[in-house]
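>
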Amino acid sequence: MSRPASVVALYPGSFDPITRGHEDIARRALRVADRVIVAVAYTSTHTKSGLFEIDERVELIQSVFEGESRIEVMSFTGLLVDFAREQGAHLVVRGLRAVSDFEYELQMAQMNQELNPDLETLFLVPEVKNSFISSSLVRQVAALGGDVSTFVSPAVLNRLLAKLDT
Ligand code: PNS
Numbered sequence: 705m706s707r708p709a710s711v712v713a714l715y716p717g718s719f720d721p722i723t724r725g726h727e728d729i730a731r732r733a734l735r736v737a738d739r740v741i742v743a744v745a746y747t748s749t750h751t752k753s754g755l756f757e758i759d760e761r762v763e764l765i766q767s768v769f770e771g772e773s774r775i776e777v778m779s780f781t782g783l784l785v786d787f788a789r790e791q792g793a794h795l796v797v798r799g800l801r802a803v804s805d806f807e808y809e810l811q812m813a814q815m816n817q818e819l820n821p822d823l824e825t826l827f828l829v830p831e832v833k834n835s836f837i838s839s840s841l842v843r844q845v846a847a848l849g850g851d852v853s854t855f856v857s858p859a860v861l862n863r864l865l866a867k868l869d870t
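Quick note: the sequence shown uses my numbering, first residue 705, plus one each step.
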């Protein structure tokens with residue numbers, strides 16, 4: 705398999721909301737790809753109750769990466785492998801924080817490999833200070849009045865606090 709002239713990486717997830725950990729992974733992906741598409745999934749493999757609407761998540765991610773011309777943000781329905789094909793993506797990027805992430809990630813990567821053998825999954829490791837952050841913990845801590853200002857960007861923090869206030 706030859707290396708494409710311009711590498712497009714898809715960074716899929718729920719991003720409910722985007723955290724500093726996600727930001728870290730998307731920026732690291734720029735080291736191996738020419739373009740990164742942050743892709744907000746309508747359907748997550750995890751059963752989760754959402755806080756932000758998909759369009760709000762996209763908007764927040766766009767505001768976080770404003771000025772970063774190599775990062776695009778989209779949402780998608782259906783299978784990740786189909787969306788990757790539509791977008792001409794060569795790689796799927798996922799963050800690995802701890803061993804506890806590994807089983808779920810390996811299973812998804814292998815299923816995606818089976819569904820599209822041409823699509824590679826690349827695991828990237830966040831900085832240690834971001835390795836315990838998850839959207840679900842951010843939502844929970846914020847809902848219970850805890851300070852999450854170091855775990856999300858200011859735009860996300862404002863929307864999170866406004867949302868929890870309503
Ligand atoms: O942030 P998450 O919720 O862990 O991300 C999981 C996600 C969205 C990457 C995964 O559920 C996904 O790819 N969903 C799209 C539907 C799909 O392709 N499912 C089969 C995955 S093997």
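Here a beta-carbon is modelled for each residue, glycine too, at the ideal position from N, C-alpha and C. Fair warning: this is a prediction, and the values are worked out from it, not measured in the lab.
Would a C-beta distance cut-off of 8 Å place Pro721 and Ser839 closer than the cut-off?
It is a contact, given that the beta carbons lie within the stated cut-off.
> For the ligand PNS, is there any heavy atom lying closer than 7 Å to the beta carbon of His750?
Flag set: Cβ of His750 near the ligand PNS.
> Looking at Val785: is its Cβ nearer than 8 Å to the Cβ of Asn834?
Contact: no.
> Answer with buried or exposed for Gly871, where buried requires no fewer than 16 other C-beta atoms within 10 angstroms of its C-beta.
A question about residue 871 goes unanswered here, because the residues of the chain that appear run from 705 up to 870.
> Where does Val842 sit, in a helix, a strand or coil, going by DSSP?
Helix, per DSSP.
> Do Ala745 and Leu714 come within 8 Å of each other at the CB atom, strictly closer than that value?
Cβ distance not < 8 Å, so Leu714 and Ala745 don't count as in contact.
> Return helix, strand or coil for Ala713, following the three-state DSSP convention.
Three-state result, Ala713: strand.
> Which residues mark the beginning and the end of the alpha helix (DSSP H) in which Ser767 is found?
Its alpha helix (DSSP H) spans residues 758 to 768.
> Between Arg735 and Val712, which are expected to be in contact by the criterion C-beta below 8 Å, what is the C-beta distance as a whole number of angstroms?
Not quite, the Cβ-Cβ distance comes to about 14 Å (not below 8 Å), so this is no contact.
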